[in-house]
Amino acid sequence: MTIRLAPASGIRRVAVVGLCAGIALVSGCSASSQGAASATPSSSASGGNPAEQLAAQPMPSWLPSQSAPGVAVGTLQKPALSYQGVNVKMNLDRGNSVMMTVTGPTAPAGTKVGAKEADLTWTVTISEATGTIPLSVKQFNVQDEAGEYHWAQPVKGSPIPATISKGQTVAFKIHTVASAGEGMVRWAPDGTHVIGLWDYIAELD
1 MTIRLAPASG IRRVAVVGLC AGIALVSGCS ASSQGAASAT PSSSASGGNP
51 AEQLAAQPMP SWLPSQSAPG VAVGTLQKPA LSYQGVNVKM NLDRGNSVMM
101 TVTGPTAPAG TKVGAKEADL TWTVTISEAT GTIPLSVKQF NVQDEAGEYH
151 WAQPVKGSPI PATISKGQTV AFKIHTVASA GEGMVRWAPD GTHVIGLWDY
201 IAELD
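For the sequence shown, full-length UniProt numbering assigns the number 1 to the initial residue and increments by one for each residue that follows.
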């Protein structure tokens, strides 16, 4: 069984629970802001599930441009929407920044052909840090094809460092059980506000 990966293209409609009903997300590498969209958390997001709480944070109303040149830049005001394997520059507080890319997913050997879901794994690479920046698996979650949010977990043998230092490059793996098809890996450096998203397609065949 192999898992085929494809970059997102065109307009992909994603069910964004607790964010903005009916918003169309367009894959691309940068965006122009049209202001932040308001959002009302779902009733389940008000509970104790940290992934749902993160998912309930508002997203801006801009639509990224697929043809815009240059490296995507993610900020609190204008999160970057990209796709797997593409570097995104993350501008953080106090003038710090990092470059980040997410590749994958891969599925375990022996995953049933045509399975509706699998334990999917992504590799996260962070580089070009301009200062010391804290890292945690709690900064990552995944929204799958069904619109469900999943809290990421570290892969055994691939620990996530507590920080990345200036000029350092780190790589680690995260995983979660998610449905086949399209989805988003989402990064919130403060554990609450998402500033970078990577679109992926996982076809289990």
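In this text, a Cβ means the ideal position worked out from N, Cα and C, and glycines have one as well.
In the structure shown, Lys156 adopts coil according to DSSP, grouped into three states. Using a 10 angstroms sphere on the CB of Asp93, the tally of other CB atoms stays under 16, which defines it as exposed.
For Val86, the closest C-alpha among the options Gly147, Gly70, Lys166 is that of Gly70. By the neighbour-count criterion, in which a residue is buried when 16 or more other Cβ atoms sit within 10 angstroms of its Cβ, Asp190 is exposed.
As computed with DSSP, Asp199 is found in a beta bridge with Tyr83, Met184. When the alpha-carbon of Pro159 is set against those of Lys78, Thr123, Thr103, Pro105, the nearest one is in Thr123.
Ala202 and Pro105 have their C-alpha atoms spaced approximately 7 Å apart.
Within the model, the alpha-carbon separation for Ile133 versus Gly167 is close to 11 Å. Here the stretch 126-145 lies against the stretch 163-180, with 3 or more beta-carbon pairs under 8 Å apart.
DSSP, reduced to helix, strand and coil, places Gln77 outside both helices and strands of the structure shown, so it counts as coil. Here Ser165 is exposed. Its C-beta has fewer than 16 other C-beta atoms within 10 Å. Annotation: the continuous beta strand (DSSP E) that includes Leu120 extends over 117-127. In the structure shown, the three-state DSSP call for Val170 is strand.
Annotated as distal: Val73 and Gln84, with beta-carbon spacing of 9 Å or more. Taking the Cα positions, Tyr149 is about 31 Å away from Thr130.
Taking every protein chain shown into account, the CB of Ala80 has 16 or more other CB atoms within 10 angstroms, so this residue is buried.
Put simply, the backbone Cα of Ile126 is about 12 Å away from that of Trp187. Remark: C-beta atoms of Leu204 and Gly110 do not approach each other more closely than 9 Å. Residue pairing of Gln143 in beta bridges, as defined by DSSP: Tyr149, Met184. Shown here, Gly131 sits in coil according to DSSP, grouped into three states, outside any helix or strand.
Thr103: member of the beta strand (DSSP E) spanning 97-106, first to last residue.
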